[in-house]
Amino acid sequence: HPTCLDMLIESLGATKVEYYGKTKCCGASLGITKEEVMLELSKNILLNAKNAGANCIITPCPLCHFNLDARQKDIESKFDVEINLPVLHFTQLIGLAFGIKPKALGLQRNCVPTKNILSPPAEV
């Protein structure tokens, strides 16, 4: 059970949330060749995190960030669910913890709005 990301999250002052599938693959580049598989895997991660009480997902993987954030509307539409769970790349969390302004971190470019997670402590 990988714990480095959890340790990083907690050392930055956020609260980790345990949920099933937390370390599972989102389908990565399967979005190109097997989109259905990627959408299903990503949906499971997002819903498990949301149902466990997370107010965002932090990921070190650029493909997870893309699939869980940019494809979230596709997932909601395909599976008729409402998720609305912000996804941050771990470098964005580090920047926030160090006091860097959200705009400088590109948070306005995230597909799912991040405004609701910007007041500490963030639960991830």
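Remember, the numbering used here sits 813 above the position in the sequence shown when you count from 1.
Note that CB positions come from ideal geometry on N, CA and C, so glycine has one too.
Computed from a predicted model, the values in this text were never measured in an experiment.
| Asked | Found |
| --- | --- |
| 7 Å Cβ cutoff met for Asn857 and Gly834 | yes |
| Cβ separation of Leu906 and Ala862, assumed to be a contact under 8 Å, to the nearest whole Å | No, Leu906 and Ala862 are not in contact; Cβ-Cβ is about 15 Å, not under 8 Å. |
| Continuous alpha helix (DSSP H) stretch holding Ile871: start and end | Looking at the DSSP string, Ile871 is not in any alpha helix (DSSP H); the run it does join, the beta strand (DSSP E), is Ile870 to Thr872. |
| Separation of Asp893 from Ala917, as counted between CA atoms | 34 Å |
| Cβ contact check for the region 877 to 885 and the region 918 to 933: 3 or more pairs under 8 Å | yes |
| Buried versus exposed, by CB contacts within 10 Å (16 or more), Val900 | buried |
| Host beta strand (DSSP E) of Val850 (start-end) | Val850 -> not in any beta strand (DSSP E); alpha helix (DSSP H) instead, spanning Glu848 to Asn864. |
| Endpoints, the beta strand (DSSP E) within which Leu901 is located | Val900 to His902 |
| Counted within 10 angstroms of its Cβ, other Cβ atoms place Pro934 as buried (16 or more) or exposed | Its pLDDT being 49, under 50, Pro934 is placed unreliably in this model, and the value from its coordinates should be taken loosely. Classification for Pro934: exposed. |
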